[in-house]
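Structure, as structure tokens:
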Amino acid sequence: MNQIETTSDTAVVATLRGTVDNTLERVFDFITVDDVVLAILTGPTALESYDIITGPWGRIGASRWLNFRSGLRAQETIDTHIRPHLYGYHLANFTGDVSTLTNLATSQWTFTAAGTRTHVTWTYTWRPQTPQRLDELRQWVSQTWLTWIISTFQETQRLSKRDPLGP
Numbered sequence: 013m014n015q016i017e018t019t020s021d022t023a024v025v026a027t028l029r030g031t032v033d034n035t036l037e038r039v040f041d042f043i044t045v046d047d048v049v050l051a052i053l054t055g056p057t058a059l060e061s062y063d064i065i066t067g068p069w070g071r072i073g074a075s076r077w078l079n080f081r082s083g084l085r086a087q088e089t090i091d092t093h094i095r096p097h098l099y100g101y102h103l104a105n106f107t108g109d110v111s112t113l114t115n116l117a118t119s120q121w122t123f124t125a126a127g128t129r130t131h132v133t134w135t136y137t138w139r140p141q142t143p144q145r146l147d148e149l150r151q152w153v154s155q156t157w158l159t160w161i162i163s164t165f166q167e168t169q170r171l172s173k174r175d176p177l178g179p
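Listed below in structure tokens is the structure:
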């Protein structure tokens with residue numbers, strides 16, 4: 013289920029929900045490992061590389077530059093890391109066209125056990141660069157970003173499916 017919140021007059025909120033066919037701990041560990049972004053950000057969101065600024069990755073306060081194939085760059089910083097239930101980070105210092113729309117995006121992943129599977133909720137909250145850019149940001153999130161993030165989430169589901177030899 014994908015949803016764009018349109019009632020806010022200060023931010024754009026987008027939420028994705030889905031189930032991954034693997035255990036809670038394995039899904040959390042897959043999502044939070046440092047180089048998984050190179051595997052799951054493919055297609056239109058392709059990430060070419062990242063540069064660690066503050067580390068090691070996986071700890072609160074760790075930060076890195078994400079370098080997208082499109083030329084977009086953003087600085088990602090971990091805000092919350094509570095294994096295996098909650099992972100949060102924010103993106104700031106955007107470059108390119110996105111920098112005219114937003115100056116902050118916060119992301120939160122929540123993980124809930126569902127037997128041998130895991131329910132995942134991924135919420136992004138985007139703050140517009142100025143109040144006048146809110147409608148344009150909402151349009152960009154719903155038409156561009158949501159398409160990117162859905163493909164990223166589907167790739168996450170595909171790559172983190174249960175190992176046939178594992179529990």
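If you count by my numbering, then the sequence shown holds residues 13 to 179, one letter each, in order. We put the beta carbon where it would ideally sit given N, CA and C, even for glycine.
Have a look at residue i and residue j and give me their C-alpha separation to the nearest angstrom.
| i | j | result |
| --- | --- | --- |
| Leu177 | Ile64 | Note that Leu177 scores a pLDDT of 43, beneath 50, so its modelled location is shaky; the value from the coordinates is reported in the next line. So the alpha carbons of these two residues sit roughly 34 Å apart. |
| Gly67 | Asp147 | 36 Å |
| Trp134 | Phe40 | 12 Å |
| Ala86 | Arg129 | 32 Å |
| Phe165 | Trp121 | 11 Å |
| Asp21 | Gln141 | 13 Å |
| Lys173 | Thr156 | 27 Å |
| Leu84 | Phe106 | 7 Å |
| Asn263 | Ala26 | The question about residue 263 has no answer, for the chain in this structure spans 13 to 179. |
| Ala125 | Val32 | 10 Å |
Suppose contacts are defined by Cβ-Cβ distances below 8 Å. Is residue i in contact with residue j by that definition?
| i | j | result |
| --- | --- | --- |
| Tyr62 | Trp77 | yes |
| Val132 | Gly30 | yes |
| Val43 | Thr168 | In the sequence as presented, Val is not what sits at residue 43; that position holds Ile. Their beta carbons are under 8 Å apart, which means Ile43 touches Thr168 by this criterion. |
| Val153 | Val24 | yes |
| Ala58 | Arg81 | yes |
Assuming residue i and residue j make a contact with CB atoms under 8 Å, what is their CB distance in whole Å?
| i | j | result |
| --- | --- | --- |
| Gly108 | Thr89 | Contact doesn't hold; Cβ gap of about 19 Å is too wide. |
| His97 | Phe123 | 5 Å |
| Ala104 | Leu116 | 5 Å |
Q: List in chain order: all unbroken beta strand (DSSP E) runs of 3+ residues lying wholly within the stretch 53 to 138.
A: 59 to 66, 75 to 80, 85 to 94, 98 to 104, 114 to 126
**Q.** the stretch 150 to 163 contacting the stretch 72 to 86, beta-carbon criterion three pairs below 8 Å
**A.** no
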